[in-house]
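Shown next, in structure tokens, is the structure this report addresses.
In our numbering, the protein residues as written are 1 to 456.
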């Protein structure tokens, strides 16, 4: 009879300790919230779209992850999130629905629970099951995953937050890393919440985005709920050598290889009535001297329309290079986002109730989404502060599916390694296979890693 009583006493003690931890977390958030000035905030121009179109089948969630050299300690990762979150007004938010627009309100609840990864990436975030937050932090063995609803920020803002979370976690694991700075944020970390779209727009009446339908990749889908991830690791010096040979940038080359693989594997090198068009998000911060942590990007399109019988890779590359170079300049990028901002600022549109705005935005989104075969995002080279480099092995990123786009690509690099990550919900991996085979044939050594949803 003594054993059950002893177990009950132990369980009770554990429960009390758990409550104490939760109380400490809540107090930390409350104490931090009393010093912040931001109580509510507007969505940036791009963010207005995401709550309208998001759902289980199209989550508008992206993932950025960091792989460390040692197994993740879940308790310390939770502590790190509890410490870092109150410092980031841009993540300590919940989404509210007003009469005319969605808006952000300061959250202030305890940080969302850090959990071991148990589902496929980029799932829809149910904020009501997540302490009203619009992001998740999970872990798996050596990897920390940050998943963000795009309404909060773009990839640059996500990297900003993930790096500070990682730094704080490593300081908890290795207290000697604190040095003289303690738990202060890195000097390079921005907390700026400027709406750089509004600040930099110029009056515009010219539509900037594509609406003509593109070639869409179709085929048998993976089982419901499954989500494929495939990483290809390359050494940057080898890749640069190949790109130099072709007279192209790394971004131009990789986007072209993707288009080439769709052309060869899906169109079989034949003419098509519709073009292959790849949406390429461009980070606008360098062009407009911005350090905002809100969304600040514009979409350009790399287009190849096979109207003749046969094209060589070099011909396709020249077409794609010219397509991108004509669009990626400050004047054109300004024109692209100014059209959207101008529409937002029309007084008549501002007075339209949100219900009717949502209907219009869904229609516009569907038209523009079907104008692209895929999306390829390059978030560039990710760096970490020198003191943390021995503990950080690699970064990865991936995108959720969207309407008509069942395969997407994401590029990032760390140190001398670049990883091209495919995310997809199609069962046939022909495009991925053709993509990596072409790069290997050009002389780049590639290591492939996948989450195992298909093994062909």
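C-beta: ideal position from N, C-alpha, C; glycine also.
Would you report the Cα separation of residue i and residue j, rounded to the nearest angstrom?
i: residue 91; j: residue 144; result: 17 Å
i: residue 84; j: residue 163; result: 10 Å
i: residue 373; j: residue 215; result: 6 Å
i: residue 268; j: residue 196; result: 43 Å
i: residue 32; j: residue 87; result: Note on residue 32: pLDDT 47, under 50, position unreliable in the model; the coordinate value appears next. Taking the straight line joining both Cα atoms gives about 8 Å.
i: residue 80; j: residue 433; result: 39 Å
i: residue 287; j: residue 223; result: 42 Å
i: residue 122; j: residue 264; result: 29 Å
i: residue 294; j: residue 154; result: 7 Å
i: residue 291; j: residue 308; result: 45 Å
i: residue 425; j: residue 403; result: 12 Å
i: residue 280; j: residue 61; result: 17 Å
i: residue 147; j: residue 136; result: 5 Å
i: residue 300; j: residue 378; result: 13 Å
i: residue 106; j: residue 112; result: 14 Å
i: residue 435; j: residue 260; result: 8 Å
i: residue 396; j: residue 66; result: 6 Å
i: residue 78; j: residue 170; result: 12 Å
i: residue 363; j: residue 355; result: 13 Å
i: residue 49; j: residue 340; result: 11 Å
i: residue 367; j: residue 213; result: 8 Å
i: residue 140; j: residue 331; result: 43 Å
i: residue 152; j: residue 310; result: 44 Å
i: residue 248; j: residue 178; result: 43 Å
i: residue 45; j: residue 325; result: 25 Å
i: residue 452; j: residue 52; result: 32 Å
i: residue 306; j: residue 271; result: 5 Å
i: residue 194; j: residue 187; result: 18 Å
i: residue 182; j: residue 423; result: 38 Å
i: residue 296; j: residue 376; result: 17 Å
i: residue 236; j: residue 255; result: 16 Å
i: residue 41; j: residue 418; result: 36 Å
i: residue 150; j: residue 47; result: 7 Å
i: residue 175; j: residue 161; result: 20 Å
i: residue 167; j: residue 316; result: 43 Å
i: residue 217; j: residue 302; result: 16 Å
Classify residue i as helix, strand or coil using the three-state DSSP reduction.
i: residue 439; result: helix
i: residue 268; result: coil
i: residue 69; result: coil
i: residue 286; result: helix
i: residue 421; result: strand
i: residue 254; result: helix
i: residue 320; result: helix
i: residue 453; result: coil
i: residue 434; result: helix
i: residue 80; result: helix
i: residue 478; result: Since the first residue shown for the chain is 1 and the last is 456, residue 478 is missing from the structure and cannot be characterised.
i: residue 120; result: coil
i: residue 262; result: helix
i: residue 99; result: coil
i: residue 217; result: coil
i: residue 133; result: coil
i: residue 104; result: strand
i: residue 245; result: helix
i: residue 56; result: coil
i: residue 311; result: coil
i: residue 190; result: coil
i: residue 127; result: helix
i: residue 239; result: helix
i: residue 446; result: coil
i: residue 402; result: strand
Along the chain, where does the beta strand (DSSP E) that runs through residue i open and close?
i: residue 42; result: 40 to 42
i: residue 145; result: 143 to 149
i: residue 328; result: Premise fails: residue 328 is in no beta strand (DSSP E) and is neither H nor E.
i: residue 155; result: Unbroken run through residue 155 is the alpha helix (DSSP H), 155 to 173; no beta strand (DSSP E).
i: residue 302; result: 297 to 304
i: residue 408; result: 407 to 414
i: residue 53; result: Run containing residue 53: none in the beta strand (DSSP E); it sits in the alpha helix (DSSP H), 50 to 53.
i: residue 231; result: 228 to 235
My understanding is that residue i touches residue j, with C-beta atoms under 8 Å, so please give their C-beta distance in whole angstroms.
i: residue 138; j: residue 393; result: Between residue 393 and residue 138 the Cβ distance is about 18 Å, and since that is not below 8 Å, they are no contact.
i: residue 257; j: residue 439; result: 6 Å
i: residue 142; j: residue 198; result: In fact, because the Cβ distance is near 41 Å, the residues do not count as touching under 8 Å.
i: residue 74; j: residue 117; result: Not a contact, Cβ separation roughly 11 Å.
i: residue 124; j: residue 55; result: 6 Å
i: residue 371; j: residue 333; result: The pair is not a contact, with the Cβ atoms about 18 Å apart (cut-off 8 Å).
i: residue 358; j: residue 156; result: About 27 Å separates the two Cβ atoms, so there is no contact after all.
Which residue comes first and which comes last in the alpha helix (DSSP H) that contains residue i?
i: residue 392; result: Looking at the DSSP string, residue 392 is not in any alpha helix (DSSP H); the run it does join, the beta strand (DSSP E), is 392 to 399.
i: residue 91; result: That residue, residue 91, is in no alpha helix (DSSP H); it is neither H nor E in DSSP.
i: residue 199; result: 196 to 200
Completely contained alpha helix (DSSP H) runs for the stretch 352 to 389, where each covers 4 or more residues = 354 to 369
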